[in-house]
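Undergrad: Counting from 53, one number per residue, gives the positions in the sequence shown under our numbering. One structure is given below, represented as structure tokens, and several questions about it will come after.
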Amino acid sequence: MGKAARDIERQRKSREDPHPMIPRGPDKVLAGKWTPDLVSGMPTDPGCECPVQPIGFEGPYFYITDSRDQFRTLKAADFTQRGIQEWFSATPNYPDWLAPRWSKPVYDKKTDELVKPSEIVSFEVDDIAKLIFRACSVAGFFSPDNKMRGRGAWTTNDGNIIYHAGDALWSVKGGQWERKKTGVHEGKLFPRLATLAEPWQKPIPDDVNPAVKLLEIFRKWNWTRPNVDPELLLGWIGCAMIGGALRWRSSVLLLGDRSTGKSTLQENLLRLFGDTLMQSSDPTAAFIYQSMAHDSRPVALDELEPDGDASILRKMVHLMRTSSSGAIGGRGGQSGQATQFQMRSAFLFSAINNPLHAAQDMSRCAVLRLKPLNPDQAAPAPVDEITTGPMVLALMMKAWGDHGHNFKWELERFTKALKAGGHDRRGCDTYGTLLACASMMLGHELGSKLGCAFGPDEEREWSERLAADLLPEVQNAKPNYRQCVDRILTSAVRIWRNSSHNTIGQAIYLTRTQDEDGKTIDPPVLDRGTAKRDINMAGFGLFNTHEIVAGVMRRDKINLETALQRFGLPKAGWVLAVPNSSTKVAEHLDGSDWANGSWSDALRQCPIEGVIITDSAINRHTIDGTQTRCTLIVLDKYHEAPER
53 MGKAARDIER QRKSREDPHP MIPRGPDKVL AGKWTPDLVS GMPTDPGCEC
103 PVQPIGFEGP YFYITDSRDQ FRTLKAADFT QRGIQEWFSA TPNYPDWLAP
153 RWSKPVYDKK TDELVKPSEI VSFEVDDIAK LIFRACSVAG FFSPDNKMRG
203 RGAWTTNDGN IIYHAGDALW SVKGGQWERK KTGVHEGKLF PRLATLAEPW
253 QKPIPDDVNP AVKLLEIFRK WNWTRPNVDP ELLLGWIGCA MIGGALRWRS
303 SVLLLGDRST GKSTLQENLL RLFGDTLMQS SDPTAAFIYQ SMAHDSRPVA
353 LDELEPDGDA SILRKMVHLM RTSSSGAIGG RGGQSGQATQ FQMRSAFLFS
403 AINNPLHAAQ DMSRCAVLRL KPLNPDQAAP APVDEITTGP MVLALMMKAW
453 GDHGHNFKWE LERFTKALKA GGHDRRGCDT YGTLLACASM MLGHELGSKL
503 GCAFGPDEER EWSERLAADL LPEVQNAKPN YRQCVDRILT SAVRIWRNSS
553 HNTIGQAIYL TRTQDEDGKT IDPPVLDRGT AKRDINMAGF GLFNTHEIVA
603 GVMRRDKINL ETALQRFGLP KAGWVLAVPN SSTKVAEHLD GSDWANGSWS
653 DALRQCPIEG VIITDSAINR HTIDGTQTRC TLIVLDKYHE APER
């Protein structure tokens with residue numbers, strides 16, 4: 053339905069609100085004489101249904117949809133003459149018909165003849181208030197936090213896809229399009245909102261499939277992986293179109309220097325999505341989730357650089373992280389009322405330098421790297437902003453399949469290929485979703501013709517194209533414990549500013565007595581005594597394995613070999629003792645995720661036996677003049693352990 057047709061529909065509805073003195077519906081129901089529902093008390097006569105619909109209640113709040121199908125949150129104090137008129141603004145005669153307030157009849161004072169009969173002059177505020185109070189109470193408890201469905205794609209209870217276009221709901225049944233009114237469906241509220249483009253309702257043959265044109269446009273950019281990145285970006289567009297319907301929403305990071313075409317790509321995406329896309333270059337996390345409200349529309353952020361405000365960047369990345377899985381976030385309000393928000397949007401970032409460093413963030417994001425464009429190359433043709441978005445949406449909705457079975461099948465086959473390529477569950481979710489969506493848009497035959505390896509059994513090629521060992525974002529996604537150890541070893545120690553060494557890792561390295569070729573270094577650049585003293589001053593302890601078990605040997609009267617075997621320690625090598633509680637360690641880790649005292653828990657997450665030791669029999673040591681419990685890092689085993 054186009055804009056003109058929508059306007060006609062609104063005009064038709066306005067004509068269905070006759071003067072309150074005119075009987076309504078096929079049964080010619082008079083004002084105030086309607087038949088109430090036995091439970092809710094609302095009118096039940098055909099053609100007399102109330103345009104204001106009760107949704108439910110929550111604490112002191114009553115929820116309704118008004119005559120314009122908009123969601124409203126009300127308190128008892130809002131039930132006033134002016135307030136009720138505003139709720140019924142699209143049908144202003146209805147409240148007068150529903151609960152009429154009659155004027156007094158006028159009689160001739162001399163003859164007692166009726167001069168002017170009673171007529172409806174307004175409505176009874178208290179009667180309408182009581183009616184809405186009761187109907188909301190009967191409707192039951194309702195929380196917008198988990199029952200509201202904003203604009204974008206969602207799934208029904210049986211797994212089929214439904215798209216909220218703002219003023220209507222669209223679904224596909226038996227290959228045919230169905231249009232429904234906004235309102236409550238299957239216990240979820242789809243309120244009337246600003247309109248978005250509807251899915252394309254005409255057939256889309258292969259020769260006009262917009263995914264072909266999009267792939268052709270994307271391939272004109274200078275990608276580091278020309279046989280991978282355009283397909284992943286195409287998949288993100290499909291994922292973004294139906295984000296709210298997906299279990300997992302993959303994000304994409306466009307990474308490249310100036311003159312690589314990042315901004316042009318973003319401009320094309322805006323043309324494609326139109327108002328569906330929430331795009332900004334300088335937002336905050338609060339701005340994003342407040343602007344999105346309950347929508348599942350995609351989000352595109354330009355110039356998300358790591359040199360900006362660290363706290364703003366951290367919150368933005370956290371928002372992407374929670375949106376990927378649809379986790380619920382919460383915020384406290386000034387009134388003391390807690391509020392929840394849940395985002396189900398696919399994010400796209402663009403930056404010159406990678407702003408993502410934590411493993412949990414890198415695993416949610418496909419990094420697409422751009423190289424400088426050829427200055428002599430003609431600019432790619434712009435995306436058709438009228439037809440491309442609606443067509444892509446239609447392709448994705450139809451390819452979803454009954455109960456989502458087709459998407460599940462696509463995801464399963466790409467997941468199997470990615471597992472064979474060394475990806476863990478999160479990598480399969482992120483890249484599998486992108487590949488499945490790209491395959492759904494193009495189809496197997498078109499995909500094969502274009503060299504995308506989307507056909508049956510062709511997905512096995514992606515085991516090599518996207519092998520985990522070839523992806524820097526996967527290689528750099530170190531586990532939390534390893535990131536913490538690396539931060540300890542490589543952060544500059546402030547009190548060593550005038551020293552020949554400035555990090556703990558460097559100090560330990562300089563104590564070596566043998567170089568990489570096996571030649572003896574005598575004397576070492578840094579003697580052991582000095583290294584132990586300096587590291588102790590920094591708030592840590594440096595011990596050899598003999599020193600670690602010395603106390604147990606004395607107490608249990610056992611020899612060195614037995615003691616080392618008991619705790620899985622090597623015969624030689626360094627052990628770094630990290631106090632479980634220390635202001636100096638906190639200062640050393642300042643600005644990191646572990647500065648608040650969580651370093652000991654992070655270190656204990658190491659899954660490899662013998663790398664981290666917490667046994668209370670050997671973890672009490674004197675650090676900076678005080679005996680304290682420590683987490684022990686066996687450095688040789690740590691360096692030998694796999695990075696992922």
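No residue lacks a Cβ here, since even glycine has one placed at the ideal position from N, Cα and C.
Rounded to the nearest angstrom, how far is the Cβ of arginine 301 from that of alanine 379, given a contact under 8 Å?
TA: Not really, about 11 Å apart at Cβ, beyond 8 Å.
Undergrad: Helix, strand or coil: how does DSSP classify glutamine 5 here?
TA: The question about residue 5 has no answer, for the chain in this structure spans 53 to 696.
Undergrad: Can you check DSSP and say which residues form a bridge with tyrosine 113?
TA: Paired residue(s): Glu110.
Undergrad: What did DSSP end up calling glutamine 386 once you bin it into helix, strand or coil?
TA: In this prediction, glutamine 386 has a pLDDT of 49, which is less than 50 and means its spatial position is unreliable; what the coordinates show is noted afterwards. Correct three-state label for glutamine 386: coil.
Undergrad: I'd like to check one pair, tryptophan 222 with glutamate 250: are the Cβ atoms closer than 8 Å?
TA: Going by C-beta atoms, glutamate 250 is nearer than 8 Å to tryptophan 222.
Undergrad: Short of 6 Å in beta carbon distance, which residues of its chain neighbour serine 500, apart from the five on each side in sequence? Order them along the chain.
TA: Cβ neighbours of serine 500 beyond the five flanking positions: Gly507.
Undergrad: Between the Cα of phenylalanine 185 and those of Phe140, Ala129, Lys199, spot the shortest distance and give me the residue it belongs to.
TA: It is Ala129.
Undergrad: According to DSSP, which residues form a beta bridge with glutamine 331?
TA: Beta-bridge pairing links glutamine 331 to Ala352.
Undergrad: To the nearest angstrom, report how far apart leucine 305 and histidine 640 are at their CA atoms.
TA: Roughly 31 Å separates the two Cα atoms.
Undergrad: Does DSSP classify cysteine 682 as helix, strand or coil?
TA: Strand.
Undergrad: For a test of the three-state rule: what should DSSP assign to lysine 225, helix, strand or coil?
TA: Here lysine 225 sits in strand by DSSP.
Undergrad: Using 8 Å as the cut-off, can you tell me whether the stretch 106-119 makes contact with the stretch 135-146, which would need three or more C-beta pairs spanning the two stretches below that distance?
TA: Contact holds: three or more Cβ-Cβ distances are below 8 Å.
Undergrad: Restricting to Cα atoms, I'd like to know which of Ser551, Leu502, Arg366, Phe619 is closest to aspartate 645.
TA: Selected option, being the one with the closest Cα: Arg366.
Undergrad: What is the rounded straight-line gap between the Cα of isoleucine 556 and the Cα of alanine 638?
TA: Looking at the two C-alpha atoms, the distance is approximately 15 Å.
Undergrad: Given the structure, does glycine 557 come close to the ligand SAM, in the sense that its CB is under 7 Å from one of the ligand's heavy atoms?
TA: Among the ligands in the structure shown, none appear at all, so the ligand SAM cannot be discussed.
Undergrad: For tyrosine 561, which residues in the same chain have their Cβ closer than 8 Å to its Cβ, ignoring the five residues on either side in sequence?
TA: Excluding positions up to five away in sequence, the list is empty.
Undergrad: From the DSSP output, in three-state form, read off asparagine 550 for me.
TA: Coil.
Undergrad: If you reduce the DSSP assignment to three classes, tell me which class tryptophan 626 lands in.
TA: Tryptophan 626 falls in the strand class under three-state DSSP.
Undergrad: Just checking my contact of alanine 451 with tryptophan 514 at CB under 8 Å: how many whole Å lie between their CB atoms?
TA: Not quite, the Cβ-Cβ distance comes to about 19 Å (not below 8 Å), so this is no contact.
Undergrad: According to the Cβ coordinates, are leucine 422 and glycine 593 closer than 8 Å?
TA: No, these two residues do not count as a Cβ contact at 8 Å.
Undergrad: Is the CB-CB distance between phenylalanine 220 and arginine 231 below 8 Å?
TA: Checking the sequence, you will find alanine at residue 220 rather than phenylalanine. A contact, by the Cβ cut-off of 8 Å.
Undergrad: Please check the pair methionine 448 and methionine 492, which I expect to be a contact at CB under 8 Å, by giving their CB distance rounded to whole angstroms.
TA: At roughly 6 Å, the Cβ-Cβ gap stays under 8 Å, so methionine 448 and methionine 492 are in contact.
Undergrad: Since tryptophan 206 and serine 333 should fall inside the 8 Å C-beta cutoff, what is the C-beta to C-beta distance between them, to a whole number of angstroms?
TA: With a Cβ gap of about 29 Å, tryptophan 206 and serine 333 do not count as contacting.
Undergrad: Could you tell me which residues DSSP puts in a beta bridge with glycine 235?
TA: Glycine 235 pairs with Phe242.
Undergrad: Quick check on tryptophan 273: does DSSP put it in helix, strand or coil?
TA: Coil at tryptophan 273, not helix or strand.
Undergrad: In terms of DSSP beta bridges, what is isoleucine 664 paired with?
TA: DSSP, once it has assigned bridges, lists Ile685 as partnering isoleucine 664.
Undergrad: Buried or exposed, going by whether 16 or more other CB atoms sit within 10 Å of the CB of glutamate 511?
TA: It is buried - the Cβ of glutamate 511 has at least 16 other Cβ atoms within 10 Å.
Undergrad: In three-state DSSP terms, what is alanine 83?
TA: Coil.
Undergrad: Are the stretch 338-356 and the stretch 309-323 touching, with three or more C-beta to C-beta distances below 8 Å?
TA: Yes: at least three Cβ pairs fall under 8 Å.
Undergrad: Considering only DSSP beta bridges, list what glutamine 122 is partnered with.
TA: None; glutamine 122 has no bridge partner.
Undergrad: Decide if glycine 239 is buried, meaning its Cβ has at least 16 other Cβ atoms within 10 Å, or exposed.
TA: Exposed: under 16 other Cβ atoms inside 10 Å.
Undergrad: Might you give, ordered along the chain, the residues of its own chain that have their beta carbon closer than 8 Å to the beta carbon of asparagine 426, omitting 5 neighbours on each side?
TA: So the list reads Asn274, once near-sequence residues are dropped.
Undergrad: So, helix, strand or coil for threonine 316, using DSSP?
TA: The answer is helix: DSSP assigns threonine 316 an H, G or I state.
Undergrad: Report all residues from its chain with a CB closer than 6 Å to the CB of phenylalanine 595; omit the five preceding and five following residues, and keep chain order.
TA: Within the same chain, phenylalanine 595 has close Cβ partners Val627.
Undergrad: Quick one: using the 10 Å Cβ neighbour count with 16 as the cut-off for buried, is glutamine 386 buried or exposed?
TA: Residue confidence is low: glutamine 386 scores 49 on pLDDT, short of 50, so the model does not pin down where it sits. No coordinate-derived value is stated.
Undergrad: Under 8 Å: do the stretch 573-582 and the stretch 611-622 share three or more Cβ pairs, one atom per stretch?
TA: No, the stretch 573-582 does not touch the stretch 611-622.
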